[in-house]
Structure formats: structure tokens, C-alpha cells
Amino acid sequence: MPLLEMKGICKQFPGVMALDDVCLTLDSGEVLALLGENGAGKSTLVKILSGVYTMDKGQIKINGDIVDIRNVWDAMKLGIGIIHQELNLIPDLTVYENIFLGREKRNSVTKRIDKSYLKQESKKLLNRLGVDIDVERIVKTLSVAEQQMVEIAKVLSMDCRIIIMDEPTDALTTDEVQNLFKVIRALKCEGKGIILISHKIEEIMEIADRVEVLRDGKYIGTKVVAETNTDELIKMMVGRELKEKFPKVKVPVSDVVLEVRNLSVPGLLHDISFELRKGEVLGIAGLVGAGRTELAKTLFGVYKYSGDVFVEGKKLKLTSTSAAIEAGIVYLTEDRKEEGLFLDKSVSYNMTLATLKVFTGLLGKVDTRKEAQTVSDYVQRLRIKSPSITQTVENLSGGNQQKVLVGKWLMTQPKIMILDEPTRGIDVGAKVEIYNLINELKKNGIAIIMISSELPEILGICDRILVMHEGRITGCLEDNEATQEKIMRYAISTGGMYFEAN
Amino acid sequence: MKPTKKRDWSVFLRGMQSVIGLLGLCIVLSILSPRFLKWGNILNVLTQTSLNAVMAIGMTFVILTGGIDLSVGSILAFSGMVTAGMIHSGLNVWIAILIGLVIGTVLGLVNGLSVTKGNVPPFIATLAMMTMARGATLVYSSGRPKPNLGEAFGFLGQGKILSIPVPVIILFFVFIIAYYVLTQTATGRYIYATGSNEKAAKLSGIKTDYIKLLVYAVSGFTAALTGMVVTSMLDSASPTAGTGAELDAIAAVVLGGTSLSGGQGGVVGTIIGALIIGVLNNGLNLLDVSSYYQQLIKGIVILVAVLIDRRRR
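Here the protein sequences come in this chain order: A and B. 553 is the number of the first residue of the first sequence in the working numbering; add one for each residue after it. 42 is the number of the first residue of the second sequence in the working numbering; add one for each residue after it.
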């Protein structure tokens, strides 16, 4: 008898059939991956299971008994725990306070919280996961990976039989992912059933036992991982075959556009020097915390720096983001919702915000007709799928949101574009579109710096790769000599190994 | 893809909700009291409303960036008092008014500086200014009103142009300028951007600190302008003028559908919000409702209106 059985699940939202007759089974000691593009219904399905939504039709059985899940508490009582993509911890409380939040053990007389018991239990849980985190640390001082471990410990403390993880590896580095997988394997051995939502097929192939594919709210099929392959899964996901995952084009490289000499930011970056040429995509690899985003933001005028930055031979004073934009440097942030988009505003508003001066006429009036015309042009050029340019960007898919931001920066007619994790949280089909877009920009003579934590992507798209570690450049590789192993070696390297390859 | 005006419609419809509320209120009052729809009474409502509305328009600028300005009532009193003092000392009326307006704007700028350079939360920064400006008013006036300001100054609050009261005309111009800036100019978009997502605004090359300085200055200016009109209307600067006025201004902004977290809303809503408060005040007076009950009813109306708005979103 399976641990969990969901049958004929339907859920309708205004205007869309989010789930249409979807089924799912899960055994104990099994890792089931839910795979599908954004909007396929993965999240809706697990939200029904965890009591966030109620289903319109269908049946859920746990250990053969029909259960009724009406809210989050019902789900918790049934032993269903979920670890959301956006972690749900209280940042200002300690690790142990978070783990037992709302379920604190109290002294029966004084009602005082028994802290030493909670600490002890928290330690036990974290040990069970094989991680070493001080239970008295304040959660906001932990890394994302550590916070995730705290969430998992919290789910364990509730004695859950079914653990759902929504995109758990999205914000993790390669090492941290491996660590998470170790924990997942340990949970498996304890007989837990695990449902894993992920975009990343490589990871699914590594950790999952079975894969269930959803597309447009419909059940497409289930495969045993050992009996399938990446191509087949992609085909099931997108309903068509993707010709090429990394469609790299070579463009003759010409003049140096950007030259960085001895760039330092106290505590963040140390003595960074490199060149960027027209027609090349320069990748920056490294672990989280290596200083890649900080380097990008420094070039975008966010941090005060020492050293020299030249664009087309002219020395720049990058004192503000507007100075950087003026000089032709633009930066696509890694966190598009937090730092890039105005979610409650329209496509048009988002795209022209950095270039409003161009559309401004007499008395400071923005020429909305000219603006709409330009935005429409860019929407067509970038093939942004949106019902209209007045649509709020909140309602667009991740890939299209990303394209809106690319469009915004293209309007400034940049010389250099820095893309920070441009495909994070975007589904496979849309990723290829972003890659094609990068190639097109490259052909149009825009020099590109791409920061990415996904090594296959870096290897597949970039012409040259810089590797960073603790605020320094530790290696530089041409694409024909670069391998994942070499990059990783530089990424974890310590003193004495700098520039070994040069 | 054709550029459409769909978004403008949704904004329009949101505005409509409060318009319907306002019209409903007017219909009920005109049935209950025959005096309500008299021309004289309508002008009276508009004049009373214009005081709160001008200040609420400045407040809208601040709230759109996600801030709040608690100091407007005190700035109103201080600038009014200083202008009255200048008039008493024999200065030209228009120069005295100019000085009052500059003082309000500068105090607003100080608010902006505390918020941006000092990194003080807007609530605290403007709370401090509210207390300071009130204190300064009391010090400057020794706690006594300054009456008898002359006919020239009286025009601002009591005069009429083509039988329309001057305060209403002032409101009209303030509204037109504010509406234009917020909806038609780049600066207006930057104000919304700052409130909608400050990080993203900064990373779009917008100088958000400058925008914040601007909105607090605007709010200080509109508070001082209201101070001029109130002082002129009463022909006396009172050290307690504008006490609690900041709350009426905030209420008008919120009734008008502007989000306190910033980025959403506008001055059309604010005008309607101010009119709802004004009509309610007037109606309750016409109906001889005791002032104790008036407070109670106003509070309930504000809560219910905001609850309806929340539910709809």
C-alpha cells in the first residue's frame, strides 16, 4: 500500500484550470520528483497536499485511509511537512526557537518555556541531519543553505512522514546541493516519503527514484529514473524536443570594451583585474560568497572602490548607478523580484523607467505615445509574451519578466551588460530563449559578463570564464580548455594557486 | 501588440468606488437635510475641504514613496505664526507669505534629510519634527495668538474670485500641478518607483534620496500653504492651529485608496477622500449631531471604507 495516493485532483482558479485530473503516488522511503515548466501545476498540487489550497475534486489517501485536508493544520496533523521555496523562518529568532515555534515545551506550573530541553532536542535533530549549526544562532545570520537545514529540522520535529521540498536547490551552491542530497538520502533511510519539486533535471536524475511530469495542469506520466533520460524528460515537460540546450555562436572578438585594473573594495574584493572584449561573453564562476555579485555591483556604481575602470579606453568614475548607466554599463540583478522589477507596475512602466529622459518633452511631460511605440518594438524584438504592454509584470512568467528587464537595459543602448544568474528560477524552454537572446546581443556588439552558479550553463554559453574565490580572481579559462572540474578547483582554491592556468 | 489604456481603466474604477461612496453620502444627506444642496452650503463644504485637501495632496506624495509625514499640523501652525509675526512687524504681506512658505518647505527638507541621510524611520523623524515645530510655534508666539492681520492678507482665506472662494481656487491649482507631476512626468514615475520597490529603483539609476527629499519638501510646502489660508480665514494665527490635522490628511489619503506601503494610488483619490471627510463633517453639523458622536461616526466610516477596499484587492 502506498504511503500517499492522490487521485483525480482538480483545481480551478479564475480563468485557468490549474489542475485537471492529476494523480500522484508516493511510497515510504521514496524520493518522487515533480517536474514541469512554470505554471505546470506542481506548486498547486503540493499546496493542496499541504492544506494551503483546497481541491475542487479528487481524493487523497494516506496509508490507504481517505483523508480530508482543509487547512494547513490538518496537513500537519497528518504528518505532511512542506519546505517552501521562500523559507518561512523568523529571521530574528534563534535556530531552536524557530524549530519549535508554536510548539514550545513549557513547564506545567510556571508556563515558562523549557529552553534547555528545546536546545537539546534541536541539537539532536540537526545531528540526525548530519549538520553542524549552533542552535543558539540568530537565523538571519545563517546562510540560505543552513536556513534550509533548520526548516528540514523543523519538519522532522513535527514527526512528518511526507516531506515536500519546493525548489530546494535554487539558491544553493554545488557543495551545498550535495550536502542537501546527503540529508535527503538519510531521510529516505528513515522511511520518509519525499516529494521534490525541481526545474533541474540533472539533480533529479541524481537524487530521485521516480519522476512525475506535469504540463499545463495535466498529468503527463511517471518514469522510474533509472529507466529514463534527460532528453525524454525534457520532451515530456515541454511537449516538444529541444534542439540544442546551449546554442553557442562564435563572433569575431574585437576591441577591448572594458578594462578593470586592481579593483578593490575593502572586505569584498581584492585586486581584481581583467579585460572584456566586444563580441565576447565572459563568464564569472564561483561559489556563493565569492564576490561575483559584489564585483558586478561595483562596476554598476553601487560600492565605493579603489583601482581603475576603463570603458573604451576612457577612465570612469563610477560613483552612482546613473554614472554607470551613462557610461554604458548595465546590470541585470540576480534577484529580479526583489531588486529588478516593479511587480505591481506595467510592462511599459518597467521597461522605460531607466530611459524616461528620452521620452520627456515640454514641461517634463512623458510622451506616452512614443513610449508605447518603443516598448511595443522591444516586446516584439525580444518576443515577450504578454497580453499587452499595460499588463502588470507580476502576471508574466519568469522568463518573460527577465526579458522585460533585458529590454529595459537595451533601451539605454549599453556597451556592457552584466547578467547575474539570468536563468535562475526559469524553466527549461525559457532558458534556451534567454541563451539565444544572449547570443543575439553578442552579435550586436554588446560585451556581456554572465555570472552563474550553474556550471553547464557557464561552460555552454561563455567564451571565457573567470573563477572567483573570496573576493579574488583565482583562475581564467578559455572555453576550449574549461571543464567543470577545473572551475571547481579554482572556485575552492586558497592562497598560492592564483593564476595557475595563465 | 497595440498599446491599450486598460491600466488607466483599472485605476479609474478603483477611484470610482470612492466616488460612488461620496455620491451615496451626498444623496443621503440631501434627503435628510434640505439645506445640504444649497449653493452656499456647497461652497462652504468645498472651502472647508480645501484646507485638508491641500495638505493631503502633499501627504500623498510622501505616502506614495512609502513614507509618512506626521509634522504637517505643526508646520501649518509654525509657518502661519511666523507669517503673522512678520505682518505685525510691518513687512509686506506677500513677502511675509513667501517667508512662511519657505519655512514650511525647509522644515519638510529637514524631514527628508533625517529620513535619507540620517536613516531615521519616517514615522520617528516626522514625529520629532511635529513636536519641534509645535514647540517653536509656542516659543515664537509666547503661547498667544496673533490676530488682526489686515485686509490684504485676509483675501487668501476669505476672498472670492468670480464668487468662488480663494481657498478652493488654490486647491484647484495645487491639484492640477500635483496630478500633472504624478501622472505625466518622469519625476512622478520615480516617486511611484521609490515606493513600489526602492532597491530596484536605486538599481535603475534613480536617485531615490533626492526623490524622498522632494516629497517631504512638497509636504512641508503644502502644510505651510494651508497654514497661510487657515490663518487668513480666521484672521488670526493660533499656536494650537492644525493640532491633529496630520491625521485628517492621512485619513483622506487612505480613504482615497493610496496604499500606505507606497507605490499605489494618487491625488484624484485623495481629493475624493478629503471630500468624503468634508461632506461628512458638514452633514453631521447640518443634522445637529453632537460633536462627540461626530468623531465616533467619522472613525467608523474610515475603518469601514478601508475594510471594503482591502477586501476588494
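Ideal placement from N, C-alpha and C gives every residue a C-beta, glycine not left out. None of these values were measured; they are calculated from a predicted model.
Item: Which chain B residues sit within Cβ distance under 9 Å of A/D526?; Value: No statement about residue 526 of chain A is possible, as the shown extent of chain A runs from 553 to 1054 and does not include it.
Item: Considering Cα atoms alone, identify which of B/L212, B/K187, B/R185 is closest to B/G198.; Value: B/L212
Item: Hey, would you say B/A118 sits closer than 9 Å to B/A174, going by beta carbons?; Value: yes
Item: Compile a chain-ordered list of the residues in the stretch 904–921 of chain A whose CB is closer than 9 Å to at least one CB of chain B.; Value: T904, L905, A906, L908, K909, F911, T912, L915, G916, K917, V918, T920, R921
Item: Considering only the alpha carbon of each residue, which of B/D110, B/V86, B/I68 lies closest to B/V301?; Value: Before going further, note that residue 301 of chain B is Leu rather than Val in the sequence given. It is B/D110 whose Cα lies nearest to the Cα of B/L301.
Item: Taking Cβ to Cβ, would you say A/L893 is nearer than 9 Å to A/Q943?; Value: no
Item: Within its chain, find whatever has a CB closer than 8 Å to the CB of A/K671; leave out the 5 residues flanking it on each side and keep chain order.; Value: Y648, V687, E688
Item: Taking only beta-carbon positions, decide if A/T845 is within less than 9 Å of chain B.; Value: no
Item: Output yes if chain A places a C-beta closer than 9 Å to the C-beta of B/Y220; else output no.; Value: no
Item: Below 8 Å on the Cβ atoms is my guess for A/S928 versus A/I941; work out the distance and round it to an integer in Å.; Value: 6 Å
Item: Report the start-end ranges of each alpha helix (DSSP H) in the stretch 222–282 of chain B that is 4 residues or longer and not cut off at the edges.; Value: 227–237, 239–243, 249–275
Item: Buried or exposed for A/D979, please, with buried defined as at least 16 other CB atoms from any protein chain shown within 10 angstroms of its CB.; Value: buried
Item: For B/G184, is the classification buried or exposed, using 16 other Cβ atoms within 10 angstroms of its Cβ as the cut-off for buried?; Value: exposed
Item: Please report the residue range of the beta strand (DSSP E) in which A/Y771 lies.; Value: 770–776
Item: If we ignore side chains and look at the alpha-carbon of each, how far apart do B/T228 and B/V222 end up?; Value: 7 Å
Item: Run through the stretch 776–820 of chain A for me and flag every whole alpha helix (DSSP H) of 4 or more residues, listed as ranges in chain order.; Value: 782–790
Item: Spell out whether any CB of chain A is found under 9 Å from the CB atom of B/R48.; Value: In this prediction, B/R48 has a pLDDT of 48, which is less than 50 and means its spatial position is unreliable; nothing more can be read from the coordinates.
Item: Can you tell me the Cα-Cα spacing of B/T267 and A/E946, whole angstroms?; Value: 39 Å
Item: Any idea what DSSP makes of A/Q611, helix, strand or coil?; Value: strand
Item: Strictly below 8 Å CB to CB, what residues from chain A border B/L244?; Value: F852, V854, T873, Y883, T885, E891, G892
Item: Leaving out five residues on either side along the sequence, give the residues of the same chain with a beta carbon under 6 Å from the beta carbon of A/E582.; Value: G745, D761
Item: Give me the DSSP bridge partner(s) of A/M558.; Value: A/L576, A/I612
Item: Pick helix, strand or coil for B/F214, following the three-state DSSP scheme.; Value: helix
Item: Alpha carbon to alpha carbon, how far is A/R622 from B/Q58? Give it in angstroms, no decimals.; Value: 34 Å
Item: Mapping the DSSP letters down to three states, classify A/T646 as helix, strand or coil.; Value: strand
Item: Can you pull the chain B residues whose beta carbon is under 7 Å from the beta carbon of A/I507, in chain order?; Value: Outside the modelled stretch of chain A, which goes from 553 to 1054, sits residue 507 of chain A, for which no answer is possible.
Item: Using Cβ-Cβ distances below 7 Å, what residues of the stretch 683–706 of chain A are close to chain B?; Value: none
Item: Would A/L868 pass as an interface residue toward chain B - the criterion being a Cβ-Cβ separation below 9 Å?; Value: no
Item: Whole angstroms is fine: what's the gap from B/T90's alpha carbon to B/I232's?; Value: 25 Å
Item: By DSSP, does A/H822 sit in helix, in strand, or in coil?; Value: strand
Item: Contact criterion: CB-CB distance below 9 Å. Does B/Q58 meet it with respect to chain A?; Value: no
Item: So, do the stretch 80–96 of chain B and the stretch 310–330 of chain B have three or more beta carbon pairs nearer to each other than 8 Å?; Value: yes
Item: Output needed for A/K830: all residues of its chain with C-beta closer than 6 Å, excluding positions within five of it in sequence on either side, in chain order.; Value: S806, D807, V809, G997, A999
Item: If you follow the alpha helix (DSSP H) that B/V147 is part of, which residue opens it and which one closes it?; Value: 134–157
Item: Around the C-beta of B/P162, are 16 or more other C-beta atoms found within 10 angstroms, so that it is buried, or is it exposed?; Value: exposed
Item: Is A/F894 helix, strand or coil when you go by DSSP?; Value: coil
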